[in-house]
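> With mature numbering (1 follows the signal peptide of the UniProt record, and there is no 0) as the guide, the letters of the sequence shown map in order to residues -20 to -1, 1 to 149.
Pasting a structure here, questions to come.
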Amino acid sequence: MIGMKFILLCHLSIIISVYAPPVLDGPSKKRLDDYPVNNDKPSKDVLDDLEYARYLKEVVEILENDPNFKSIIEKASPDDIKSGNIARHLSLVEHNVRTALDEAKQRELARLRKLVSEKVRLLNDIHRQGGLRGMSAIVTLWRILSYVEVCYNVLLIIDVSEHNYGIMC
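Structure below.
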């Protein structure tokens, strides 16, 4: 009787461990030449795809309201603007322009903090519900942590502009 249970248990464990779902035909593999080539220039700038572009456009509009700073921007080279060297002229802007810049920065910081807190809340909800299993959990955590890191870096860049070390675009 014990021998029969042992044999049945062995067969059952083999069946369970060997079972796998059927293999489905995956997507057909196309060669690179089969895809159409789009030689047109992109219709949008890369920044247009980011929500951060709205903030940058708002900052540029605010800075262009100051005629003195607008003339400085027009005279500056693109390298000075991209490197943040133009930020040393921020002390020359009018008080109302500086106030508008600070308000825009605070709105952007609040938006980023809200996004980060939503991601953390989502992560906590997933953890409370038992979490995800296997690779999907790792991918989800990686995506959330990458997003939080990007938001943190943006906050640092905005903070740098507060102390007149430079504006990163």
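All residues carry an ideal CB built from backbone N, CA and C; glycine is no exception.
Would you mind working out which of K62, R68, H69, S97 sits nearest L36, comparing C-alpha positions?
As a working mapping, residue 36 is identified with position 56 in the sequence shown. That would be K62, whose Cα lies nearest to the Cα of L36.
> If L81 sits next to I42, beta carbons under 8 Å apart, how far is it from one beta carbon to the other, in whole angstroms?
Here residue 81 is taken as the residue at index 101 of the sequence shown, counted from 1. Here residue 42 is taken as the residue at index 62 of the sequence shown, counted from 1. Yes, they are in contact, since the Cβ atoms of L81 and I42 sit about 6 Å apart, within 8 Å.
> In terms of residue numbering, what span does the alpha helix (DSSP H) encompassing M51 cover?
The residue given as residue 51 occupies position 71 in the sequence shown. For the record, residue 51 in the displayed sequence is Ser; it is not Met. It spans 47 to 55 - the alpha helix (DSSP H) in which S51 sits, taken as one unbroken run.
> Give the range of the alpha helix (DSSP H) segment to which I61 is assigned.
On the sequence shown, position 81 is the one that residue 61 refers to. Taken as a continuous stretch (DSSP letters only), the alpha helix (DSSP H) holding I61 covers 58 to 63.
> Can you tell which of A33, I66, Y32 has its C-alpha closest to the C-alpha of N48?
Mapped onto the sequence shown, residue 48 falls at position 68. With distances taken between Cα atoms, N48 lies closest to I66.
> By Cβ distance below 8 Å, which residues in the same chain neighbour G84 in space, the five residues on each side in sequence not counted?
Mapped onto the sequence shown, residue 84 falls at position 104. Note on residue identity: the sequence assigns Ala, not Gly, to residue 84. Correct list, in chain order: Y35, E38, V39, I42.
> Over the uninterrupted alpha helix (DSSP H) stretch that includes R34, give me the two end residues.
As a working mapping, residue 34 is identified with position 54 in the sequence shown. Taken as a continuous stretch (DSSP letters only), the alpha helix (DSSP H) holding R34 covers 32 to 44.
> For E83, does the three-state DSSP call read helix, strand or coil?
The residue you call residue 83 lines up with position 103 of the sequence shown. Of the three classes helix, strand and coil, the one that applies to E83 here is helix, per DSSP.
> Does DSSP classify L(-13) as helix, strand or coil?
As a first step, residue -13 is located in the sequence shown; it is residue number 8 there, counting from the start. In this structure, L(-13) counts as helix in the three-state DSSP scheme.
> Tell me the rounded alpha-carbon separation between N45 and E98.
Numbered from its first residue, the sequence shown carries residue 45 at position 65. Numbered from its first residue, the sequence shown carries residue 98 at position 118. The straight-line gap from Cα to Cα measures roughly 35 Å.
> What number of angstroms, rounded off, separates the C-alpha of A(-16) from the C-alpha of N104?
Within the sequence shown, numbered from 1, the residue matching residue -16 stands at position 5. Within the sequence shown, numbered from 1, the residue matching residue 104 stands at position 124. Going by the sequence as given, residue -16 is Lys instead of Ala. Distance between the alpha carbons of K(-16) and N104: 45 Å.
> V77 by DSSP, collapsed to three states: which one?
The count along the sequence shown starts at 1 and reaches residue 77 at position 97. Of the three classes helix, strand and coil, the one that applies to V77 here is helix, per DSSP.
> Thinking C-alpha only, which one of L(-13), L(-12), K50, E31 is nearest L89?
Within the sequence shown, residue 89 is the residue found at index 109, counting from 1. Closest by alpha carbon: E31.
> By Cβ distance, which residues of its chain are closer than 7 Å to L(-12), with the 5 residues on each side in sequence left out?
Here the question's residue -12 lines up with position 9 in the sequence shown. Correct list: empty, nothing qualifies.
> For V100, does the count of other Cβ atoms within 10 angstroms reach 16, so buried, or fall short, so exposed?
Indexing the sequence shown from 1 puts residue 100 at position 120. Its Cβ having fewer than 16 others within 10 Å, V100 is exposed.
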